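See structure below.
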Amino acid sequence: MSTWYLVLTKIRQEELARENLERQGFRAYLPMFRTSKLRRGKRVDAAELLFPRHVFVELDLETQDVSLIRSTYGAIGLVQYGAEPARLPTGFVETLIDLEHQQATSDPQDTEPKAEPASSIGSGLFPVTQAIFNAPDGKQRVLLLMEIISTLKH
């Protein structure tokens with residue numbers, strides 16, 4: 017059975033890692049979001065990584081050779097807790113994909129990240145993924161992701 021896992025990438029090589037994982041036959045996903053940035057005094061739309069240095073990969077640990085991931089250009093390896101790869105909650109990636117599509121079709125002025133206190137995260141996947149999209153920077157989004165992963169039993 018396939019499950020989504022997290023791959024740590026080399027600095028600024030997320031897209032390279034995703035492309036190379038896909039070339040090797042893995043299903044990979046690099047979450048992005050649209051934001052508005054101030055450049056040279058003008059507001060411009062920009063795509064930003066949701067989780068810097070991380071790519072999601074769908075794996076079946078019983079049938080796929082995960083050792084290939086360590087030798088993939090741009091990738092460092094699977095994020096692990098102890099000896100076990102860090103698996104993502106069922107439906108988490110699909111929820112992220114849905115939110116990414118919703119955000120991509122919304123008004124660019126509504127894409128500014130909004131700080132949201134941890135107590136407002138609530139239960140269930142949608143509030144958690146919404147909190148991730150509202151985190152003000154990549155480092156905080158990665159920390160939220162690690163918190164989600166660490167709550168799962170491996």
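Heads up, the sequence shown is in the working numbering, so the first residue is 17 and it goes up one at a time.
Don't be surprised by glycine CBs; every beta carbon is placed ideally from N, CA and C.
All of these numbers come straight from a predicted model, not from anything done at the bench.
Check                                                                                          : Outcome
Inter-residue CB distance, L168 and P101 (contact presumed, cutoff 8 Å)                        : That belief does not hold up - the Cβ atoms of L168 and P101 are roughly 11 Å apart, past 8 Å.
When T25, T19, V71 and R55 are compared against A44, the one with the closest alpha-carbon     : V71
Contact set for E116: own chain, Cβ-Cβ below 8 Å, skip 5 residues either direction             : P47, M48, F49 and L66
In DSSP terms, what D61 is bridged to                                                          : S52
Inter-stretch contact at 8 Å, needing at least 3 Cβ pairs: the region 58–65 / the region 17–24 : no
Pairwise C-alpha distance: D114 and Q96                                                        : 26 Å
Exposure label - T79; buried when at least 16 CB within 10 Å                                   : exposed
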